[in-house]
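Protein sequence lines, in the order shown, are assigned to chains H and D.
The first sequence begins at 1 in our numbering and counts up one residue at a time.
The second sequence begins at 305 in our numbering and counts up one residue at a time.
There are 2 protein chains.
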Amino acid sequence: MFAIDALNNLLPRLRGQGKKVVAVAAAADAHVLESAARARELGIADFALFGDVGKIKDICAGLGVDHGLFELVQADTDACAASLAVSHVARGKASAIMKGLCETSTIIKAALDKEHGIRASRRLSHMAMFALPAEFYHKPLYVTDAAVNIAPDFELMKEIIENAVNAVKSLGLAEPKVALIAAKEKSDPKMPVTLEFDELTKLNEAGWLPGCSVRGPLALDCAVSLEAAKTKGLDGPVIGDADIIFCPDIEAGNVLYKSLTMFTKAAAGGVILGAKAPVILTSRSDSAGNKLLSIALGALIKGE
Amino acid sequence: MFAIDALNNLLPRLRGQGKKVVAVAAAADAHVLESAARARELGIADFALFGDVGKIKDICAGLGVDHGLFELVQADTDACAASLAVSHVARGKASAIMKGLCETSTIIKAALDKEHGIRASRRLSHMAMFALPAEFYHKPLYVTDAAVNIAPDFELMKEIIENAVNAVKSLGLAEPKVALIAAKEKSDPKMPVTLEFDELTKLNEAGWLPGCSVRGPLALDCAVSLEAAKTKGLDGPVIGDADIIFCPDIEAGNVLYKSLTMFTKAAAGGVILGAKAPVILTSRSDSAGNKLLSIALGALIKGE
Chain H
1 MFAIDALNNL LPRLRGQGKK VVAVAAAADA HVLESAARAR ELGIADFALF
51 GDVGKIKDIC AGLGVDHGLF ELVQADTDAC AASLAVSHVA RGKASAIMKG
101 LCETSTIIKA ALDKEHGIRA SRRLSHMAMF ALPAEFYHKP LYVTDAAVNI
151 APDFELMKEI IENAVNAVKS LGLAEPKVAL IAAKEKSDPK MPVTLEFDEL
201 TKLNEAGWLP GCSVRGPLAL DCAVSLEAAK TKGLDGPVIG DADIIFCPDI
251 EAGNVLYKSL TMFTKAAAGG VILGAKAPVI LTSRSDSAGN KLLSIALGAL
301 IKGE
Chain D
305 MFAIDALNNL LPRLRGQGKK VVAVAAAADA HVLESAARAR ELGIADFALF
355 GDVGKIKDIC AGLGVDHGLF ELVQADTDAC AASLAVSHVA RGKASAIMKG
405 LCETSTIIKA ALDKEHGIRA SRRLSHMAMF ALPAEFYHKP LYVTDAAVNI
455 APDFELMKEI IENAVNAVKS LGLAEPKVAL IAAKEKSDPK MPVTLEFDEL
505 TKLNEAGWLP GCSVRGPLAL DCAVSLEAAK TKGLDGPVIG DADIIFCPDI
555 EAGNVLYKSL TMFTKAAAGG VILGAKAPVI LTSRSDSAGN KLLSIALGAL
605 IKGE
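As structure tokens, this is what we get:
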């Protein structure tokens, strides 16, 4: 339900910018092909499918999907499918990559290939979008990084934040509000991450990243609830109104991501950012709505 | 609603073990006195109140609460109130301490005092209880450590787990299931915590902590959902059925705690474990039901 609401909010924007093409690596999978067919039907994107073409045709037949609606390109291995999908983007024929039935690392490797890849100036990072029921939060929440970067140092933190701010801007948000999440609001030398977050907040005030607000350290409650923040005497643009939740490491990011998917009815989508095109990640266990949401995110987000 | 359900599950056990006394440090606060009066009325515990007795009597009068129902002891400062409350427990006159209107650190300092404190053999740790709506989880979930220990090393991890296992056992659970939460299920030298969790799992198999199951590394979804675990081919007693969620550091623990309090309707209670008596933590912003739940936890959990 929430996935469909979240999707409906993105559709006008998608339809306003001309049909995008998504290049799917290792597409011979019923879940993947079903989502691609549905996304095409809804006008979210067109698809170029890389993989075992015979198998793709068979699966399409089983699903009652006309394979003629897709561009099909034979690739004998996952690595080959990933390279071909990446090169489709590099040649300007697609604006996003989608992971099919292969490892995320296979796609990342192809995307980062120095000669044939789609590297940009920043490193890659993961960003998830959550649309929570309105009683819990009043707008979409973007969480980074739950899946790619393990324990980012200061420079990598900056890149992850820049990736997320750029992505959220290409989704139509003029001035994204970034909360840097720690266990409390005061800088504390015993919690090194609070000092780094203090420094990032000052850098933002000094003009590091124009067109956004960055604030930390904040515990999650103060980032998403004015009421919680009030009991601690906090105010400012990010307080209780964060768009982007930056987690200090993969353990915190992943536990937040999983908590939102397991314990709430939030709609969720996920992409990898930082290359010249976003990489759409869906997993088998995602609901149909969540898969479409990830595809819509990937179709809307501009590469670097 | 969920707080009351969760409380109702604990009440028979509370009533079965004779009236407990809770010693409240810095009790001159309307929120604290209201919860104490309500908890007494429900038969959860009796209370000894340490603080500014004149003020306590005034606040009770304002609330329409008979101060004669409590034992009142004058203390001129927070530190003094904390010491007296701790010594009340040390002399066997109370079985739990409750934080009133003072810093948690003031109570911890008094509890850990080498001469007059209530130190036991292990270090202190925080444990929260969450009762989620049944559609999201089928039993209470205990999260540790969201508030006390910042980045525990291997030995401290063991102590935090032992504290939680003992506490949950004194709540009536015969064989607690402990999930060690990381970002994935495979050991990975790039994520040092996964190696430690692997080691803790092996230690448990070798008999380190009898009467419980310990399993990690696990991402949160595999700890609480059989369905999620199945897609990764996992099984075993902890999988999809965890009681205790052990987080690798305070950032992960705190973001999970805050996510559950902000984005779900879960009832929540919190205590500090590891001393000869539990320390009950409530905060002003807790709902009345959550405050009672924390008090009930503190009244039920046996000290070390």
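Cβ atoms here follow ideal geometry from the backbone N, Cα and C, with glycine treated the same way.
Note that the structure is predicted; figures quoted are calculated from it, not measured.
Given 8 Å, three or more beta-carbon pairs between the stretch 353-367 of chain D and the stretch 423-433 of chain D: Judged by Cβ distances under 8 Å, the stretch 353-367 of chain D makes no contact with the stretch 423-433 of chain D, as fewer than three pairs qualify.
H/A85 versus H/A96 - alpha carbon distance: Approximately 9 Å, taken between the alpha carbons.
Burial state of D/A510 (16 or more Cβ within 10 Å): With fewer than 16 other beta carbons inside 10 angstroms of its own, D/A510 counts as exposed.
Of the residues D/A571, D/K595, D/I485, D/E608, the one placed nearest D/K473, counting alpha carbons only: Minimum Cα distance to D/K473 is reached at D/E608.
C-beta atoms of H/F246 and H/T144 nearer than 8 Å: Closer than 8 Å, so yes.
Limits of the unbroken beta strand (DSSP E) element including H/P210: Where H/P210 is concerned, there is no enclosing beta strand (DSSP E), given that its DSSP letter is neither H nor E.
Chain H contact residues for D/V452, given Cβ-Cβ distances below 9 Å: None at all; the shortest Cβ gap to chain H is about 10 Å.
Cross-strand partners of H/M191 (DSSP beta bridge): Looking at the DSSP output, H/M191 sits in a beta bridge with H/D188.
Residues, ordered as in the chain, of the stretch 226-259 of chain H that lie near chain D by beta-carbon distance below 8 Å: Interface annotation for the stretch 226-259 of chain H against chain D: E227, A228, T231, C247, P248, D249, I250, E251, A252, G253, N254, V255, L256, K258, S259, criterion Cβ-Cβ distance under 8 Å.
Interface flag, H/S285 vs chain D, CB-CB below 8 Å: Residue contact with chain D for H/S285: present (Cβ-Cβ distance below 8 Å to some residue of chain D).
H/H67 to H/I181 span [Cα, whole Å]: In a straight line, the C-alpha of H/H67 is about 45 Å away from that of H/I181.
Nearest residue (CA-CA) to D/A523, options D/G515, D/A532, D/F458, D/S517: The residue among D/G515, D/A532, D/F458, D/S517 with its C-alpha nearest the C-alpha of D/A523 is D/A532.
Alpha helix (DSSP H) segments (min. 4 residues) lying fully within the stretch 359-394 of chain D: Segments of the alpha helix (DSSP H) lying fully in the stretch 359-394 of chain D: 382-394.
The stretch 464-481 of chain D contacting the stretch 566-580 of chain D, beta-carbon criterion three pairs below 8 Å: At 8 Å Cβ cutoff, the stretches touch.
is_contact[H/I108, chain D] using C-beta, thresh 8 Å: With a threshold of 8 Å between beta carbons, H/I108 makes no contact with chain D.
Counted within 10 angstroms of its Cβ, other Cβ atoms place H/G172 as buried (16 or more) or exposed: With fewer than 16 other Cβ atoms from the protein chains shown falling within 10 Å of its own Cβ, H/G172 counts as exposed.
Pair within 8 Å by beta-carbon distance, D/L346 and D/L367: For the pair D/L346 and D/L367, the CB atoms are not nearer than the 8 Å cut-off.
Three-state class that DSSP yields for H/Y137 in the structure shown: In the structure shown, H/Y137 sits in coil (DSSP, three-state: anything other than H, G, I, E or B).
Contact list for D/L436 against chain H, beta-carbon separation under 8 Å: Within chain H, the residues near D/L436 are F263.
Stretch-stretch touch, CB-based, cutoff 8 Å, three pairs: the stretch 231-248 of chain H with the stretch 139-154 of chain H: Touching, yes, given that three or more Cβ pairs across the two stretches are closer than 8 Å.
8 Å Cβ shell around H/A30 - same chain, five flanking residues per side excluded: So the list reads I59, G62, L63, once near-sequence residues are dropped.
Proximal residues to H/D241 (C-beta, below 7 Å), its chain only, five neighbours per side dropped: In its chain, beyond the 5 residues on either side, K177 have a beta carbon closer than 7 Å to the beta carbon of H/D241.
Buried versus exposed, by CB contacts within 10 Å (16 or more), H/N8: Exposed.
Range covered by the beta strand (DSSP E) that runs through D/D350: Per DSSP, D/D350 belongs to the beta strand (DSSP E) from 350-355.
9 Å Cβ cut-off: residues of chain H touching D/M495: Listed by position along chain H, the residues whose Cβ is nearer than 9 Å to that of D/M495 are I150, A151, I250, E251.
For H/T261 and D/K359, the rounded distance between their alpha carbons: Near 47 Å, if we compare the C-alpha coordinates of H/T261 and D/K359.
Where D/D382 falls, given that 16 or more other Cβ within 10 Å makes a residue buried: Per the 10 Å Cβ criterion, buried.
Beta-bridge partners of H/V144, as assigned by DSSP: Correcting the residue type first, residue 144 of chain H is Thr in the shown sequence and not Val. Partner(s): H/F246.
Beta-carbon spacing of H/A267, H/A94 below 8 Å: Against a cut-off of 8 Å, the Cβ pair of H/A94 and H/A267 comes out as no contact.
Proximity of H/A111 and H/A26 at Cβ, strictly below 8 Å: In this structure, H/A26 does not lie closer than 8 Å to H/A111 by Cβ.
Helix, strand or coil at H/A128 [DSSP, three-state]: When DSSP states are grouped into helix, strand and coil, H/A128 belongs to the strand group.
For H/V22, the residue or residues it bridges with in DSSP: Checking the DSSP bridge columns, you'll see H/V22 partnered with H/F47, H/A96.
Partners in chain H for D/D525, counting only beta-carbon separations shorter than 8 Å: Residues of chain H passing the Cβ test: K258, T261, M262.
Alpha-carbon spacing of H/H116 relative to H/V89, whole angstroms: As the crow flies, the alpha-carbon of H/H116 is around 10 Å from that of H/V89.
Reduced DSSP category for D/K481 - H, G, I as helix; E, B as strand; rest coil: Residue state, collapsed to three classes: strand.
D/E555 and H/V193 closer than 8 Å at C-beta: Between D/E555 and H/V193, the CB-CB gap stays under 8 Å.
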